[in-house]
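Reviewing the structure listed below.
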Ligand SMILES: Cc1ncc(COP(=O)(O)O)c(C=O)c1O
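Here's what the structure looks like:
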């Protein structure tokens, strides 16, 4: 079952890639020892390299893949779309896929968020939400509202505006001098519970900290941006839905927009289609990307309320939202999204995932009980735990060692620091679920032994 990963770095494709491709989120020098996998194709939950070695994509290729690689239903939808229209600009033109997608998404919010603005990557959706919030207040005569609030440990993307509301030092620190200052408030991360406190108590304490800031600064604050229920990139910090209810009420009370960044947690990842559903609240802006195209094509969007839309609707062109990207609303990406939404309906995915999640949680029970595992946690189709490592040197290399060892056991897993997480596609069968749990434990034990 274990693979000969060592021979891969010698392959021609890897050598050419290391010469010509600057890989994302990577200290390139690490590839002197860290494997780079030359992927040849994907089928279902598996990626195959050029030597035929396979890897279970247990993190859905950076959380985008919903229904497996080379999914026949999405492939077929894309083939038909290719013969009709590959792309047309969305200013002055429209097309069936973008209209249908906007209608279907709005219906999923009971038409509370009835206007969809499109972009390509997650970070561009965040930029749009920030700009729209500021501009909407400005159009309403409140141009002093230009500051933003984010949570401790927040992650909203790597572009300059998104990075300004990101609080993950490894991504942010090098660029700090370039960024506009944002207010960083306490995270409702349930791991911060004091003795006797529940997750809901932590959430209320975090909301109270936000209120202190709003009492003082709300005249200058345009929006609060949150990752609903799970702050993924900081290490899968999970929190109680009551936090979303509290901040919704505070945003209303202090006239501040609420931006829900559902780029990672949307599309069923937390157990409901939108994470906000679990708190029974809707934000003023909802950002979606990653899984919405099934993991096929870059697509992001910002959904917003009619009041916001109306604040831009005017005879004066400069009051309009004059933001654009060349590939805005790309028909192929929208068609992939429609095929993805169809699978949610046809396969009753949200309910089917409950069974999958229960089985994987049970299969992971022995690992959760391991003495070097702390804070084992799960929400929907996300599992995470923190490795207890007392040696700083071992902690700093844990993620890379885990990744490399996992590959030897046919798993694609990339811990965040010393947090191991699983975010598999929604198609694992029982055998794959049990194998994933058993191998994750084997890899963990091997890495912890050193
Ligand atoms: C919550 C959240 N927001 C924004 C982004 C940025 O998305 P992208 O990488 O597509 O720009 C991510 C990416 O991981 C994310 O997790």
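Numbering (this note's numbering), first residue to last: 1002 to 1451.
Note that the Cβ used here is the ideal one computed from N, Cα and C, for glycine as well.
- Pairing residue 1230 with residue 1266 gives a Cβ-Cβ distance under 8 Å.
- Nearest neighbour of residue 1343 by Cα position, chosen from 1039, 1068 and 1196, turns out to be 1068.
- The shortest C-alpha to C-alpha distance from residue 1289 to any of 1176, 1122, 1407 and 1058 is the one to 1122.
- Listed by position in the chain, the residues whose beta carbon lies within less than 6 Å of some heavy atom of ligand 1 are 1122, 1123, 1124, 1127, 1156, 1157, 1158, 1228, 1233, 1234, 1262, 1264, 1265 and 1290.
- Look at the beta carbons and you see the segment 1358-1378 not touching the segment 1211-1224: under three pairs across the two are nearer than 8 Å.
- Per DSSP, residue 1123 is not a residue of any beta strand (DSSP E); the alpha helix (DSSP H) it occupies stretches across 1123-1140.
- Taking a 10 Å sphere around the C-beta of residue 1082, we find 16 or more other C-beta atoms and assign the residue as buried.
- Taking C-alpha positions only, residue 1186 is separated from residue 1336 by approximately 39 Å.
- Contiguous beta strand (DSSP E) elements confined to the segment 1214-1286 occur at 1222-1227 and 1258-1262, taking only those with 3 or more residues.
- Within the same chain, and ignoring the five residues on either side of residue 1442 in sequence, the residues whose Cβ sits closer than 6 Å to its Cβ are 1368.
- Here DSSP, grouped into helix, strand and coil, assigns residue 1056 to strand.
- Residue burial is scored here from C-beta neighbours: residue 1357 has at least 16 other C-beta atoms within 10 angstroms and is therefore classed as buried.
- Counting along the chain, residue 1148 sits inside the beta strand (DSSP E) bounded by residues 1148-1152.
- Ranked by how close their Cα comes to the Cα of residue 1047, the residues 1059, 1036 and 1314 have 1059 in first place.
- The three-state reading of DSSP puts residue 1179 in helix, counting H, G and I together.
- In the DSSP annotation of this structure, residue 1111 is not part of any alpha helix (DSSP H), being labelled neither H nor E.
- DSSP places residue 1187 in the coil class of the three-state scheme, outside both helix and strand.
- In this structure, the CA atom of residue 1257 is about 24 Å from the CA atom of residue 1106.
- Residue pairing by DSSP places residue 1289 opposite 1302 in a beta bridge.
- Collapsing the DSSP output to three states places residue 1310 in a helix.
- DSSP places residue 1195 outside both helix and strand once states are collapsed to three, so it counts as coil.
- The beta carbon of residue 1415 sits closer than 7 Å to those of 1060, 1400 and 1404, all from its chain and outside the five residues before and after it, given in chain order.
- Here residue 1129 has 1118, 1120, 1303 and 1324 as same chain residues with Cβ atoms under 7 Å from its own Cβ, once five neighbours each way along the sequence are excluded.
- Put simply, the backbone Cα of residue 1057 is about 16 Å away from that of residue 1036.
- Going by DSSP, residue 1162 is part of the alpha helix (DSSP H) stretching over 1161-1165.
- Closest option to residue 1247, judged by alpha-carbon separation, among 1263, 1206 and 1237: 1206.
- Beta-bridge partners of residue 1044 (DSSP): 1047.
- Residues 1116 of the same chain have their beta carbon placed closer than 7 Å to that of residue 1310, with the five preceding and five following residues left out of the count.
- Cβ contact annotation for residue 1351 (same chain, cutoff 6 Å, sequence separation greater than five): 1269, in chain order.
- Judged by DSSP secondary structure, residue 1402 falls within the alpha helix (DSSP H) whose first and last residues are 1393-1409.
- Annotation: the continuous alpha helix (DSSP H) that includes residue 1366 extends over 1366-1369.
- For residue 1420, the enclosing beta strand (DSSP E) has its first and last residue at 1420-1423.
- Beyond the five residues adjoining it in sequence on each side, residue 1159 comes within less than 7 Å, by CB distance, of 1124 and 1172 in the same chain, given in chain order.
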